[in-house]
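A.B. asks: Residue numbers for the sequence shown follow our numbering, so the first one is 8 and each next one is one higher.
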Amino acid sequence: MPKIIPELREKLLLAARKRLLEDESHDFSTRQLAADCGVAAGTVFNYFPTKEALIASVILEDWQSCLARMTEAAEAESVAGGFQRLEALLREFSQPFLPVWRGYDHRAPLPEYHAVLIRQLSAVVERLLVITGKSCGATELQVLSELLLAASQREAGTIVRLI
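1) So, is leucine 128 buried or exposed, given that buried needs 16 or more other C-beta atoms within 10 angstroms?
2) What three-state label does DSSP hand threonine 50 in the structure shown?
3) Express the C-alpha separation of leucine 93 and alanine 80 in angstroms, rounding to a whole number.
4) Hey, leucine 27 and valine 107 are a contact pair by Cβ (cut 8 Å); roughly how many whole angstroms apart?
5) What's the gap between the Cα of alanine 41 and the Cα of alanine 130?
6) Anyone know if the C-beta pair for glutamate 82 and isoleucine 138 falls short of 9 Å?
7) Count the other CB atoms within 10 Å of the CB of alanine 22; is the residue buried (16 or more) or exposed (fewer)?
8) Applying the 10 Å Cβ sphere with the 16-neighbour rule, what's the burial state of glycine 89?
9) Which residue wins for smallest C-alpha separation from glutamate 14, given the options Leu97, Val46 and Ala158?
10) For glutamate 119, is the classification buried or exposed, using 16 other Cβ atoms within 10 angstroms of its Cβ as the cut-off for buried?
11) What does the Cβ neighbour count give for threonine 146, buried or exposed, with the cut at 16 atoms within 10 Å?
12) Valine 123: buried (16+ other C-beta within 10 angstroms of its C-beta) or exposed?
13) Out of Glu162, Ser101 and Ser36, point me to the one whose CA is closest to glutamine 71's CA.
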């Protein structure tokens, strides 16, 4: 049974966040992270099964905060205004992580995270549509969510031009 060190998980997450957001090379390694925290490289895997799970855990905290703010923002008076606010919140969330995502090996097993993100965005988009007196099917919700996500990584105002 692996030795569990109290509060090391949080220390690993803080150090990983710092490396992901401050290291311009974005060459993130668990070996470097372990050294930053003063533990053996294998110890990281006592807390996170893979490097991808570690990175996802770092991003998850910010995502949960963004999702809560988007749920509040979905209570808009117009569809266009609601989508503008959702796009801005998504941009605020994603901008710090864009270099990480762009430099990441897309062959890695990340589609499961994307699918969860789209389901959660779809719930927010559906809330916006219901509040503004609109509706659409599940496929359209998914497409709108994908557009919203893509627009948040481009220039401001992209979503309104698309919808």
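Just so you know, even glycine gets a beta-carbon here, dropped at the ideal spot from N, CA and C.
A quick note: this is a predicted structure, and the numbers were derived from the prediction, not measured.
C.D. replies: The structure says:
1) In the assembly as shown, leucine 128 is a buried residue. Its beta-carbon has 16 or more other beta-carbons within 10 Å.
2) For threonine 50, the secondary structure class from DSSP, reduced to helix, strand or coil, is helix.
3) Those two C-alpha atoms are separated by around 7 Å.
4) Confirmed, about 5 Å.
5) Near 37 Å, if we compare the C-alpha coordinates of alanine 130 and alanine 41.
6) It is a contact, given that the beta carbons lie within the stated cut-off.
7) Classification for alanine 22: buried.
8) Looking at its Cβ environment, which holds 16 or more other Cβ atoms inside 10 Å, glycine 89 is buried.
9) Cα-wise, what sits closest to glutamate 14 is Val46.
10) It is exposed - the Cβ of glutamate 119 has fewer than 16 other Cβ atoms within 10 Å.
11) Counting the other CB atoms within 10 Å of its CB gives threonine 146 a total below 16, which places it among the exposed residues.
12) So valine 123 counts as exposed.
13) Minimum Cα distance to glutamine 71 is reached at Ser101.
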